[in-house]
Amino acid sequence: MSVKALKSLSLLVLSSVLSAGVQAAGCPAGQQQVCLLACFCAPQDAPGLDDLHRLASTGLRDWIVQSRHRLLASGVEPIPLHIRAQLEPYFDFAVLDSVRFKVGDPVELNMAHTLMQNPDVSAVTLIDVIVFRDEAEARDDVALWAHELKHVEQYRQLGVDQFAARYARDYRALEAPAYQLQGQVRQALKARAVARQ
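The numbering used here numbers the first residue of the sequence shown as -12 and each following residue consecutively.
Below is the structure:
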């Protein structure tokens, strides 16, 4: 894929993911949300809708895989031991052993770099590589790690193709369990801190 094509695809997928988050209200009955350069509601049986979803999920999958490969080549680290120890009750060792992380991503065409242009994005998971916006969150935010590790778990359960297809069609279905676990871990950490006082 050429650099120009990859950049266009990056912008298309980015606008799909980011603008999907902007539309708070759902579509009326019998319609579904479609996000390309902007989000809109389309009849569920509209011709070509499946092709649009397939295009978005294939592009997202390719972008995830290519970005992950570039990140691995640039150097990544295993999960910090103090984070791992706190999350062992929540995840299989296989997940904790496989995950790697990096702080920041200077490569403009990589997915993490592009998504982090949104100031609300603190981290991005690319299969088993987590990219954090800043060092402090990577070293100290156990609840954010739980959220991102939930995505690693989802990739392992679904495979990259299905993860990308589901994320492109309805990202909320994959984000909801990650946010739920993030909140659960945050509450458990607060309770533990109070109990120590």
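Yeah, the Cβ is synthetic: ideal placement off N, Cα and C, and Gly gets one too.
Inter-residue distance for residue 69 and residue 15 is about 47 Å (C-alpha atoms, whole angstroms). Cβ contact annotation for residue 38 (same chain, cutoff 8 Å, sequence separation greater than five): none. Contact check for residue 112 against residue 135 passes: the beta carbons are separated by less than 8 Å. Between the region 169 to 179 and the region 117 to 131 there are three or more inter-stretch CB-CB distances shorter than 8 Å, so the stretches are counted as touching. DSSP places residue 120 outside both helix and strand once states are collapsed to three, so it counts as coil. Between residue 55 and residue 114, the CB-CB gap stays under 8 Å. Leaving aside the five residues that flank residue 160 on each side, the residues in its chain whose CB is nearer than 8 Å to its CB run, in chain order, 153.
In this structure, the CA atom of residue 137 is about 21 Å from the CA atom of residue 53. When the Cα atoms are used, residue 63 and residue 175 turn out to be separated by approximately 29 Å. The DSSP-derived three-state label of residue 147 is helix.
In this structure, residue 126 lies near residue 67, with their beta-carbon atoms less than 8 Å apart. The alpha-carbon separation between residue 17 and residue 50 amounts to approximately 31 Å.
Under the three-state reduction of DSSP output, residue 111 falls in the strand class. Remark: C-beta atoms of residue 86 and residue 147 do not approach each other more closely than 8 Å. Contact annotation: residue 155 and residue 40 have beta-carbon atoms nearer than 8 Å. Straight across, the Cα-Cα distance linking residue 74 with residue 44 is about 31 Å.
Check the Cα spacing between residue 60 and each of 151, 47, 92 and 81: the tightest is with 92. Across the structure, residue 32 and residue 163 are spaced so that their CA atoms are roughly 26 Å apart.
The bridge partners DSSP lists for residue 90 are 119. Under DSSP, the beta-bridge partners assigned to residue 64 are 88. It is roughly 12 Å from the alpha-carbon of residue 158 to the alpha-carbon of residue 141.
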